[in-house]
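**Student:** Residue numbers (this note's numbering): 46 to 172.
The structure's right below; bear with me while I get my questions together.
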């Protein structure tokens with residue numbers, strides 16, 4: 046079956062999100078939202094703080110960037126801007142840019158800041 050929303054406790058939500066991350070290949074790819082009845086909420090990637098790579102410019106920023114797209118869509122009702130961000134993320138991935146957690150053959154390894162800069166550039170060119 047397919048679900049748009051799963052309502053559960055925090056512990057089981059953490060377990061489900063970790064399992065779901067395997068579909069994308071990395072927890073660095075999955076945004077999340079915890080919303081109230083009025084669509085106010087907290088938006089964050091499903092991954093933790095990753096202290097082992099903190100400050101090393103290695104983390105995948107895409108889940109954080111996609112969390113902003115969710116914020117724009119669900120809390121601010123800004124579908125156009127959310128889609129621009131999502132399309133920019135898709136473009137940089139189609140262009141073969143990858144952070145260390147998702148790099149594979151025939152792709153280009155980039156740092157956290159390089160990936161973020163590439164997404165920003167893709168948003169700007171897609172106005």
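Even glycine gets a Cβ: it sits at the ideal position worked out from N, Cα and C.
Which runs of the alpha helix (DSSP H) spanning at least 4 residues fall entirely within the segment 88-138, listed in chain order?
**Tutor:** Listed in chain order, they are 107-115.
**Student:** Assuming residue 104 and residue 95 are in contact, meaning their beta carbons sit under 8 angstroms apart, how far apart are those beta carbons, in whole angstroms?
**Tutor:** For the purposes of this step, residue 104 is taken as the residue at position 59 of the chain shown. For the purposes of this step, residue 95 is taken as the residue at position 50 of the chain shown. Correct: roughly 6 angstroms between the Cβ atoms.
**Student:** Quick one: grab the DSSP three-state call for residue 86.
**Tutor:** The sequence position of residue 86 within the chain shown is 41, counting from 1. Residue 86: strand per DSSP, three-state reduction.
**Student:** How about residue 153 and residue 161: are their beta carbons less than 8 angstroms apart?
**Tutor:** Working through the chain shown from its first residue, we reach residue 153 at position 108. Working through the chain shown from its first residue, we reach residue 161 at position 116. No, Cβ-Cβ distance for residue 153 and residue 161 is not below 8 angstroms.
**Student:** Smallest Cα separation from residue 91: which of 120, 82, 61?
**Tutor:** For the purposes of this step, residue 91 is taken as residue 46 along the chain shown, with counting starting at 1. When each option's Cα is compared against that of residue 91, the closest is 61.
**Student:** Would you list the one or two residues that DSSP bridges to residue 154?
**Tutor:** Taking the first residue of the chain shown as position 1, residue 154 is located at position 109. Answer is 143.
**Student:** According to DSSP, which residues form a beta bridge with residue 77?
**Tutor:** Against the chain shown, residue 77 aligns to sequence position 32. Answer is 89.
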